[in-house]
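Here full-length UniProt numbering is used: the first residue of the sequence shown is 1, the next is one more, and so on.
Glycine included, every Cβ here is placed at the ideal spot set by N, Cα and C.
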Amino acid sequence: MTAQVSSKGTSSMDATQNEVLAEVRNHIGHLTLNRPAGLNAITLDMVRHLHRQLDAWANDPQIHAVVLRGAGEKAFCAGGDIRSLYDSFKNGDTLHEDFFVEEYALDLAIHHYRKPVLALMDGFVLGGGMGLVQGADLRVVTEKSRLAMPEVAIGYFPDVGGSYFLPRVPGELGIYLGVSGMQIRAADALYCGLADWYLDSEKLVILDDRLDQLAWRDTPLKDLQGLLAQLAVQQLPDAPLSKLRPAIDHFFALPDVPSIVEQLREVTVADSHEWATATADLLESRSPLAMGVTLEMLRRGRHLSLEDCFALELHLDRQWFERGDLIEGVRALLIDKDKSPRWNPPTLQALDAGHVASFFTGFDRSGN
1 MTAQVSSKGT
11 SSMDATQNEV
21 LAEVRNHIGH
31 LTLNRPAGLN
41 AITLDMVRHL
51 HRQLDAWAND
61 PQIHAVVLRG
71 AGEKAFCAGG
81 DIRSLYDSFK
91 NGDTLHEDFF
101 VEEYALDLAI
111 HHYRKPVLAL
121 MDGFVLGGGM
131 GLVQGADLRV
141 VTEKSRLAMP
151 EVAIGYFPDV
161 GGSYFLPRVP
171 GELGIYLGVS
181 GMQIRAADAL
191 YCGLADWYLD
201 SEKLVILDDR
211 LDQLAWRDTP
221 LKDLQGLLAQ
231 LAVQQLPDAP
241 LSKLRPAIDH
251 FFALPDVPSI
261 VEQLREVTVA
271 DSHEWATATA
281 DLLESRSPLA
291 MGVTLEMLRR
301 GRHLSLEDCF
311 ALELHLDRQW
321 FERGDLIEGV
331 RALLIDKDKS
341 PRWNPPTLQA
351 LDAGHVASFF
361 TGFDRSGN
């Protein structure tokens, strides 16, 4: 859901249409998130517009594939418009409830879309942006890509299908990314399986030209794969997480977040000490409750279907505005901007395992 940068949206239909641009060229539907000043953070109206357009193209025999991108040079999408959700909750409205239901439905529709989806992940791809791209068939990163599920930084948990795609990253890397909220770049995105292709950003124009001229000969997916194979690569050398993998697999398989931090603090080996200390410092700045719930959610999600993962996230959403740390996180980041959130509980040592478990009470695999 979340983004570290956000701005208020609008309910005006004309404005919404300007915030989601749709164009058809050479049997390809191009969808562009067009809020570059807000790093293309998505509003409920944008979610609805995207879903309507995708549904229309799914049933249009003239459309062979869809391309998703963000306007501007900084971001594909930095997540959801969290300020509007905060305002909705404070005002007693229902937008914050409707947003999650409809955003997850859109993300799920992309996972099951009947035509190939090509996602151009140039710039920031955070939170809700990851939800839009992880169901795409072809995920392209560039040297400017910065991927993350940073929700724990604002007292939330990695949703938009994060409970499904993060635990399926090799080893404990996805657990690490979800619990810490760390950003990764192109090489790590490919290494983790969160992207499929790397293309220099300056070649995106060439890719567009080739798409406009593509002769549809085989299946649309194979045609697109063949085009990408001419311009892009599927691996990059020296992915930082490949070197950290043994340590991450050890520490983030520990029973709970307090244990993870405690053991990170005990690392004395020279070549691991700096990373371990920095990671422990980062975790201690995050919401203890959000990290505890995230760890449990991701471990459960490893054994759930995609649909059940979205149902689990909705189950948590329905409790989180009242019982979680999101409202305080948004206050500290966007409202008062003091960047000093007062988490509840304030420390990992005060985190109660029973309290964490209570968020999952009543959930079953049918989402009830």
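Measuring CB to CB, does residue i end up less than 9 Å from residue j?
{"i": "H112", "j": "G161", "result": "no"}
{"i": "L173", "j": "I248", "result": "yes"}
{"i": "V117", "j": "G135", "result": "yes"}
{"i": "residue 374", "j": "S84", "result": "Coverage of the chain is limited to positions 1 through 368, which leaves residue 374 absent and any answer about it impossible."}
{"i": "F310", "j": "Y164", "result": "yes"}
{"i": "E19", "j": "D45", "result": "yes"}
{"i": "G329", "j": "P346", "result": "no"}
{"i": "F251", "j": "A290", "result": "no"}
{"i": "S180", "j": "L254", "result": "no"}
{"i": "Y191", "j": "A232", "result": "no"}
{"i": "R69", "j": "A148", "result": "no"}
{"i": "R146", "j": "L126", "result": "yes"}
{"i": "A41", "j": "G128", "result": "yes"}
{"i": "T279", "j": "L264", "result": "yes"}
Of the residues the options, which one's Cα is nearest the Cα of residue i?
{"i": "A357", "options": "D256, L44 and D200", "result": "D256"}
{"i": "R35", "options": "V269, E73, D93 and D55", "result": "E73"}
{"i": "L106", "options": "R69, R52 and K115", "result": "R52"}
{"i": "R139", "options": "E102, H303 and A186", "result": "A186"}
{"i": "R115", "options": "V141, G128, F89 and A56", "result": "The identity of residue 115 in the sequence shown is Lys, whereas the question assumes Arg. When each option's Cα is compared against that of K115, the closest is A56."}
{"i": "L204", "options": "V169, V141 and L50", "result": "V141"}
{"i": "S242", "options": "P170, L54 and A78", "result": "P170"}
{"i": "Y104", "options": "C77, L132 and A78", "result": "L132"}
{"i": "H303", "options": "P167, I184, A41 and L221", "result": "P167"}
{"i": "P288", "options": "P246, A253 and H355", "result": "H355"}
{"i": "V47", "options": "A109, E202 and V269", "result": "A109"}
{"i": "V101", "options": "L314, A353 and D325", "result": "L314"}
{"i": "residue 403", "options": "P258, G38 and F89", "result": "The chain is shown only over 1 to 368; residue 403 falls outside these bounds and no answer can be derived."}
{"i": "K144", "options": "R265, C192, D137 and A75", "result": "A75"}
{"i": "N344", "options": "F359, D137 and L326", "result": "L326"}
{"i": "L351", "options": "Y86, H49 and P258", "result": "P258"}
{"i": "R286", "options": "D122, K339 and S201", "result": "K339"}
{"i": "F89", "options": "R245, R331 and T361", "result": "R331"}
{"i": "D122", "options": "E262, D200, Y86 and G80", "result": "D200"}
Which partner residues of residue i appear in the DSSP bridge assignment?
{"i": "F124", "result": "A75 and R146"}
{"i": "E23", "result": "H30"}
{"i": "R139", "result": "A119"}
{"i": "A65", "result": "I28"}
{"i": "I42", "result": "G80"}
{"i": "G70", "result": "L33"}
Against chain B, does residue i count as a neighbour if the rule is that its beta carbon must be under 9 Å from one of theirs?
{"i": "I335", "result": "Note that chain B does not occur in the displayed structure, where there is just one protein chain."}
Three or more C-beta pairs closer than 8 Å, one from the segment 64–78 and one from the segment 25–33: is that the case here?
-> Taking 8 Å as the limit for Cβ pairs, the verdict is that the segment 25–33 does touch the segment 64–78.
Stretch-stretch touch, CB-based, cutoff 8 Å, three pairs: the segment 290–308 with the segment 151–158 | The answer is yes - the segment 151–158 touches the segment 290–308, with three or more Cβ pairs under 8 Å.
Fully enclosed by the segment 181–251, which alpha helix (DSSP H) runs are 4 residues long or longer?
-> If we require 4 residues or more, the alpha helix (DSSP H) runs fully inside the segment 181–251 come out as 186–192, 204–213, 220–231 and 240–251.
Flag this pair as touching only if the segment 319–335 and the segment 193–211 have three or more C-beta atom pairs under 8 Å; answer yes or no.
-> Taking one beta carbon from each stretch, the segment 319–335 and the segment 193–211 have fewer than 3 pairs nearer than 8 Å; the two do not touch.
Taking one C-beta from the segment 310–328 and one from the segment 96–103 each time, how about it: are there three or more such pairs within less than 8 Å?
-> Yes: the two stretches touch, three or more of their Cβ pairs being nearer than 8 Å.
So, do the segment 188–205 and the segment 216–234 have three or more beta carbon pairs nearer to each other than 8 Å?
-> Because the criterion of three Cβ pairs below 8 Å is met, the segment 188–205 and the segment 216–234 touch.
Unbroken stretches of the alpha helix (DSSP H), 4 residues or longer, contained in the segment 152–182 | Along the segment 152–182, the alpha helix (DSSP H) occurs as fully enclosed runs of 4 or more residues at 162–165 and 173–180, listed in sequence order.
Where in the segment 318–355 do unbroken runs of the alpha helix (DSSP H), each at least 4 residues long, occur, reported from the N-terminal end onward?
-> Here the runs fully enclosed are 326–330.
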